[in-house]
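Take a look at the structure below.
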Amino acid sequence: WKTSILSVMLASRKEEMHEQIATVLEREIVEETESKDDLEKQITVFKHWNLSGNFIKAAELALQIGGQLMILGLNSQADLLFTDVITSLKNEQEGVTHGGICSSVLDAVEPSELELLIKLFIGKGKALCNLAKGKAGAEAYQSALDILHYTPCAFEQEFDRSVCFPIFSGLFIVLKMGVIEQNEGGSYEVGLCKQFVEQARLNNDPVHYGRALAMQGETLARLGKFEEALENLETIKSIYDIETQHAAICKAYGSDRVGQAFSHSVNWNHALGRTDAALATCKYIVDEIVPKSDPKNAHNTFCLLYSVIVTMKEHDKALEARDLFIAAVVDPFEEHFGSGGSTVTKPMWKPILMVLDMQGNGSKEIEHIEEYLEWALDESSYELKSAIEIGMGNYSATPLAMFAEVPYYLARREEVELKKRKQLIQTARAQMEKSLENAQKCIPYAKSYAREKLVAIGALSTELGV
Numbered sequence: 004w005k006t007s008i009l010s011v012m013l014a015s016r017k018e019e020m021h022e023q024i025a026t027v028l029e030r031e032i033v034e035e036t037e038s039k040d041d042l043e044k045q046i047t048v049f050k051h052w053n054l055s056g057n058f059i060k061a062a063e064l065a066l067q068i069g070g071q072l073m074i075l076g077l078n079s080q081a082d083l084l085f086t087d088v089i090t091s092l093k094n095e096q097e098g099v100t101h102g103g104i105c106s107s108v109l110d111a112v113e114p115s116e117l118e119l120l121i122k123l124f125i126g127k128g129k130a131l132c133n134l135a136k137g138k139a140g141a142e143a144y145q146s147a148l149d150i151l152h153y154t155p156c157a158f159e160q161e162f163d164r165s166v167c168f169p170i171f172s173g174l175f176i177v178l179k180m181g182v183i184e185q186n187e188g189g190s191y192e193v194g195l196c197k198q199f200v201e202q203a204r205l206n207n208d209p210v211h212y213g214r215a216l217a218m219q220g221e222t223l224a225r226l227g228k229f230e231e232a233l234e235n236l237e238t239i240k241s242i243y244d245i246e247t248q249h250a251a252i253c254k255a256y257g258s259d260r261v262g263q264a265f266s267h268s269v270n271w272n273h274a275l276g277r278t279d280a281a282l283a284t285c286k287y288i289v290d291e292i293v294p295k296s297d298p299k300n301a302h303n304t305f306c307l308l309y310s311v312i313v314t315m316k317e318h319d320k321a322l323e324a325r326d327l328f329i330a331a332v333v334d335p336f337e338e339h340f341g342s343g344g345s346t347v348t349k350p351m352w353k354p355i356l357m358v359l360d361m362q363g364n365g366s367k368e369i370e371h372i373e374e375y376l377e378w379a380l381d382e383s384s385y386e387l388k389s390a391i392e393i394g395m396g397n398y399s400a401t402p403l404a405m406f407a408e409v410p411y412y413l414a415r416r417e418e419v420e421l422k423k424r425k426q427l428i429q430t431a432r433a434q435m436e437k438s439l440e441n442a443q444k445c446i447p448y449a450k451s452y453a454r455e456k457l458v459a460i461g462a463l464s465t466e467l468g469v
C-alpha cells in the first residue's frame, strides 16, 4: 500500500510540474508576438497541458491547433492531437464504454467538458475523412453520437446541443463515401436527415439549419425526387447569406456545405432535362458564390466547382473551364500552401486539366502531349482511393470517369502512333467501365455520364480496329 500511495503522489507531482511548465510557456507565447503563430511551440504547450491532466485546457488547445493543421493539409497530425486528448479520458476501469470511454467517466463530466469531447471526436472524423479514411472517420462520428446519447449532462439546459450537428453531417458524408451500408429505400439516410433537420430547426440557427436543408436536398435527389430537392433549394436561398455565414459554416462543417447545395442542384436540373437552368446555376456559382468563398479552403472551392467544370466541358466550354479551375482552385492553393501542399481532391487536378486542355483544343497541337502520354500509359495513374471515387461521384462524374478521358482524347490524336492509340483506347474503356460500376453507388448523373462516354469510346475503338 505504501508503494501505491507513493505512485499516486508521484503522478500528482508530475501533473503539477507539467501544469507549471505549460503556464510559463503559454505566458511566453502571449508576450512574444512572433510566437503566436508558431505551431511547434503551441504543440509543446499542448503536450504539457495534456500531461497535467487538465482536460479543458488540453482539449481547447488541441481543437485550435488541429484546426490550423487541417487547413494546412496536415490531417494525420491533427488526428494524433485529437486522439491524445481523447485517450487521456480512457482509463483501465472495467465496465460499459461509449465511444471507448468508460460510463463512470462520462457520468462525471460537466456540460462544457462534454461539448469539448464531442468536438474532439468530430475533429478526428473530419481529419480522417480528409485522408479518405472513411471507415475510421465513420467510427469517430459514431463514437461522438454514442457519447451524446449516453452522457447524463447532455440533457441539461447548459449543454449546447448545436455542437452535435456536425455529427449528422459527418455521418452523411461517410455514407456518401460508400462506407455505411443501407437498404435501397435509404432508410438510414432518411432517418439521419430527419433528425438533423428537426433539431436544427428547433435550434433556430441559419448556419446549422441551412446545412440540414442541404443534406435533405441531397437525400431527396438520391431518391429520385428532383423537383422536391429543387423546392428545398428555394428554402435554402431564403436563409443563406454567404457573406455572414460562410466562415461559420466552414468552421462547423469543414467546408460550405450549404453553398454546395447549389452545385448539387446543377445535377438535379440535368436529371430533369433543364439544361438552361443548370447553366444559369453554374454562372451563379462562379459569379456570386466562389468569389465570396475563402480561397484558402481549396476543398470547398473544388466541391463548389466540380459539377460546374463538368457541365462547362460538356457544353463546349472546356478551355473556359480550365482557366476557371486554374484561377479559382490551383493558383490560390499554390499561393497559400505551395505546390507540395495536400488536399483530398488534389489527385484529380492534373487529369482534369489534361482532359480540359485536349477536349478544348480539339485537333490543335498540344504542348505537353508527351507528359500526358506518360501519365496515361502508367497503370498506377488510375489508382484512387474508393472514398474519393464514391465521394466525388456524388457531386458529378466519378473521378475515374475523368481519368479515363485522358487516354480517350489521346487515342483520338492522329500524331500518336497507332499501336499506342489502340493501347490507350483499351485503357479508356477499362477505366470507364470501372467508373460505371462505381457510379452505381453515386448520383444518377455519374451513371449517365459514364454510359455516354462508353458509347464514344466504343465508336473510336471500332474506328481503330480494336
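Mapping of the sequence shown onto our numbering: residues 4 to 469, in sequence order. Beta carbons are placed, not taken as given, at the ideal position from N, Cα and C, and that holds for glycine. Treat the numbers as computed from the prediction; the structure is a model and nothing was measured.
>> Give me the DSSP bridge partner(s) of ILE104.
In response: Along the sequence shown, one-based indexing puts residue 104 at 101. DSSP lists HIS101 as partners of ILE104.
>> Please give me, in chain order, every unbroken run of the beta strand (DSSP E) with length at least 3 that falls completely inside the stretch 216-304.
In response: none
>> Is the beta carbon of MET361 closer than 8 angstroms to that of TYR412?
In response: Here the question's residue 412 lines up with position 409 in the sequence shown. Here the question's residue 361 lines up with position 358 in the sequence shown. In contact: TYR412 and MET361 (Cβ atoms closer than 8 angstroms).
> Where does HIS21 sit, in a helix, a strand or coil, going by DSSP?
Replying inline: Here residue 21 is taken as the residue at index 18 of the sequence shown, counted from 1. The answer is helix: DSSP assigns HIS21 an H, G or I state.
>> Judging by CA-CA distance, which residue of ALA274, HIS267, ASN300 is the nearest neighbour of ILE252?
In response: On the sequence shown, position 249 is the one that residue 252 refers to. For ILE252, the nearest C-alpha among the options comes from ASN300.
> Can you tell me the Cα-Cα spacing of MET73 and VAL177, whole angstroms?
Replying inline: Here residue 73 refers to the residue found at position 70 of the sequence shown. Here residue 177 refers to the residue found at position 174 of the sequence shown. So the two alpha carbons sit approximately 18 angstroms from each other.
> From THR86 to ILE372, what does the alpha carbon distance come to, in whole angstroms?
Replying inline: Numbered from its first residue, the sequence shown carries residue 86 at position 83. Numbered from its first residue, the sequence shown carries residue 372 at position 369. Taking the straight line joining both Cα atoms gives about 46 angstroms.
>> Can you look up THR314 in the DSSP assignment and give me helix, strand or coil?
In response: Here residue 314 refers to the residue found at position 311 when the sequence shown is read from its first residue. In this structure, THR314 counts as helix in the three-state DSSP scheme.
> Considering only residues of the same chain and omitting the five flanking positions on each side of TRP4, which have a CB-CB separation below 6 angstroms?
Replying inline: The sequence position of residue 4 within the sequence shown is 1, counting from 1. Because TRP4 sits at a pLDDT of 48, beneath the cut-off of 50, its placement in the model cannot be relied upon, and the point is left open.
>> For HIS51, report the span of its alpha helix (DSSP H) as first-last.
In response: Your numbering for residue 51 matches position 48 in the sequence shown. For HIS51, the uninterrupted alpha helix (DSSP H) segment begins and ends at 42-54.
> Between which two residues does the alpha helix (DSSP H) carrying LEU413 extend?
Replying inline: The residue given as residue 413 occupies position 410 in the sequence shown. Counting along the chain, LEU413 sits inside the alpha helix (DSSP H) bounded by residues 402-414.
> Contact check, ILE121 vs ILE150 under 8 angstroms by CB: the rounded distance?
Replying inline: Within the sequence shown, numbered from 1, the residue matching residue 121 stands at position 118. Within the sequence shown, numbered from 1, the residue matching residue 150 stands at position 147. About 7 angstroms; that satisfies the 8 angstroms criterion.
>> Between HIS51 and ALA81, how many whole angstroms is the CB-CB distance? I'm expecting something under 8 angstroms.
In response: Residue mapping note: residue 51 aligns to position 48 of the sequence shown, counting from 1. Residue mapping note: residue 81 aligns to position 78 of the sequence shown, counting from 1. About 19 angstroms; that fails the 8 angstroms criterion.
>> By alpha-carbon positions, which one of ALA449, ILE312, HIS101 ends up nearest to LEU124?
In response: Counted from its first residue, the sequence shown places residue 124 at position 121. A small fix is needed here, since residue 124 is Phe in this sequence, not Leu. Nearest C-alpha to PHE124: HIS101.
> For ASP279, is the classification buried or exposed, using 16 other Cβ atoms within 10 angstroms of its Cβ as the cut-off for buried?
Replying inline: For the purposes of this step, residue 279 is identified with residue 276 of the sequence shown, where counting begins at 1. ASP279 is exposed by the Cβ-count criterion.
>> Which of the three DSSP states is assigned to THR154 in this structure?
In response: Position 151 of the sequence shown, counted from the start, is the residue given in the question as residue 154. The answer is coil: DSSP assigns THR154 none of H, G, I, E or B.
>> Rounded to whole angstroms, what is the Cα-Cα separation between GLU19 and ALA62?
In response: Within the sequence shown, numbered from 1, the residue matching residue 19 stands at position 16. Within the sequence shown, numbered from 1, the residue matching residue 62 stands at position 59. Taking the straight line from one Cα to the other gives about 18 angstroms.
> Since PRO410 contacts LEU427 with CB under 8 angstroms, what's their CB separation in whole angstroms?
Replying inline: What you label residue 410 is simply residue 407 of the sequence shown in a count that begins at 1. What you label residue 427 is simply residue 424 of the sequence shown in a count that begins at 1. Right, the Cβ-Cβ distance comes to about 4 angstroms (below 8 angstroms), so this counts as a contact.
>> Does ASP110 come out as helix, strand or coil in the three-state DSSP assignment?
In response: Residue 110 sits at position 107 when you count from the first residue of the sequence shown. If DSSP states are grouped into helix, strand and coil, ASP110 belongs with the helices.
> At which residues does the alpha helix (DSSP H) containing GLU377 begin and terminate?
Replying inline: The sequence position of residue 377 within the sequence shown is 374, counting from 1. Counting along the chain, the alpha helix (DSSP H) containing GLU377 begins and ends at 372-379.
>> Using the three-state DSSP reduction, which class does ALA330 fall into: helix, strand or coil?
In response: The residue labelled residue 330 in the question sits at position 327 within the sequence shown. In this structure, ALA330 counts as helix in the three-state DSSP scheme.
> Roughly how many whole angstroms lie between the Cα atoms of ILE32 and LYS44?
Replying inline: Reading the sequence shown from its first residue, position 29 is the one you call residue 32. Reading the sequence shown from its first residue, position 41 is the one you call residue 44. Each residue's alpha carbon lies about 8 angstroms from the other.
> Helix, strand or coil for TYR398 per DSSP?
Replying inline: Here residue 398 refers to the residue found at position 395 when the sequence shown is read from its first residue. In the structure shown, TYR398 sits in coil (DSSP, three-state: anything other than H, G, I, E or B).
> In chain order, what residues of the same chain lie with their CB nearer than 7 angstroms to the CB of ASP333, ignoring the 5 residues before and after it?
Replying inline: Along the sequence shown, read from residue 1 onward, the residue named residue 333 stands at position 330. Correcting the residue identity first, residue 333 is Val in this sequence and not Asp. Result list for VAL333: TRP352, in chain order.
> Between ALA404 and TYR452, which are expected to be in contact by the criterion C-beta below 8 angstroms, what is the C-beta distance as a whole number of angstroms?
Replying inline: Reading the sequence shown from its first residue, position 401 is the one you call residue 404. Reading the sequence shown from its first residue, position 449 is the one you call residue 452. Right, the Cβ-Cβ distance comes to about 6 angstroms (below 8 angstroms), so this counts as a contact.
> Looking at HIS249 and GLY220, is the spacing between their C-beta atoms short of 8 angstroms?
Replying inline: Within the sequence shown, residue 220 is the residue found at index 217, counting from 1. Within the sequence shown, residue 249 is the residue found at index 246, counting from 1. No, the pair does not count as a contact, with Cβ atoms beyond the cut-off.
> Is the stretch 135-144 touching the stretch 154-166, taking contact as three or more C-beta pairs under 8 angstroms?
Replying inline: Verdict: no, contact absent.
> Whole-angstrom Cβ separation of ALA147 and ILE170, contact assumed at under 8 angstroms?
Replying inline: Taking the first residue of the sequence shown as 1, we reach residue 147 at position 144. Taking the first residue of the sequence shown as 1, we reach residue 170 at position 167. So it is a contact: roughly 5 angstroms between Cβ atoms.
>> Quick check on this structure: which residue in CYS196, PHE49, HIS152 has the alpha carbon closest to the alpha carbon of GLN67?
In response: Translated into the one-based positions of the sequence shown, residue 67 becomes position 64. Of the candidates CYS196, PHE49, HIS152, the one whose C-alpha sits nearest the C-alpha of GLN67 is PHE49.
> What is the DSSP secondary structure of THR346, reduced to helix, strand or coil?
Replying inline: Residue 346 sits at position 343 when you count from the first residue of the sequence shown. Reduced to three states, the DSSP call for THR346 is coil.
>> Comparing C-alpha positions only, which one of LYS388, ALA130, GLU116, LYS450 sits nearest to ASP163?
In response: As a first step, residue 163 is located in the sequence shown; it is residue number 160 there, counting from the start. Closest by C-alpha distance to ASP163, out of LYS388, ALA130, GLU116, LYS450, is GLU116.
>> Less than 8 angstroms between the C-beta atoms of LEU356 and PHE336, yes or no?
In response: Taking the sequence shown and counting its residues from 1, the one referred to as residue 356 is at position 353. Taking the sequence shown and counting its residues from 1, the one referred to as residue 336 is at position 333. Cβ atoms of LEU356 and PHE336: not closer than 8 angstroms.
> Residues in its own chain within less than 8 angstroms of ILE245 by CB, not counting five upstream and five downstream?
Replying inline: Here the question's residue 245 lines up with position 242 in the sequence shown. Contacts found: ASP259, GLY262, GLU291, ILE292, LYS295, SER296.
> To the nearest angstrom, how far is it from the Cα of GLY341 to the Cα of ASN303?
Replying inline: Here residue 341 corresponds to residue number 338 of the sequence shown, with the count starting at 1. Here residue 303 corresponds to residue number 300 of the sequence shown, with the count starting at 1. Cα to Cα, the separation comes out at about 18 angstroms.
> Leaving out the 5 sequence neighbours to the left and right, which residues in its chain are closer than 7 angstroms to CYS167 when beta-carbon positions are compared?
Replying inline: For the purposes of this step, residue 167 is taken as residue 164 along the sequence shown, with counting starting at 1. Same-chain partners within the cutoff: ILE121, LEU151.
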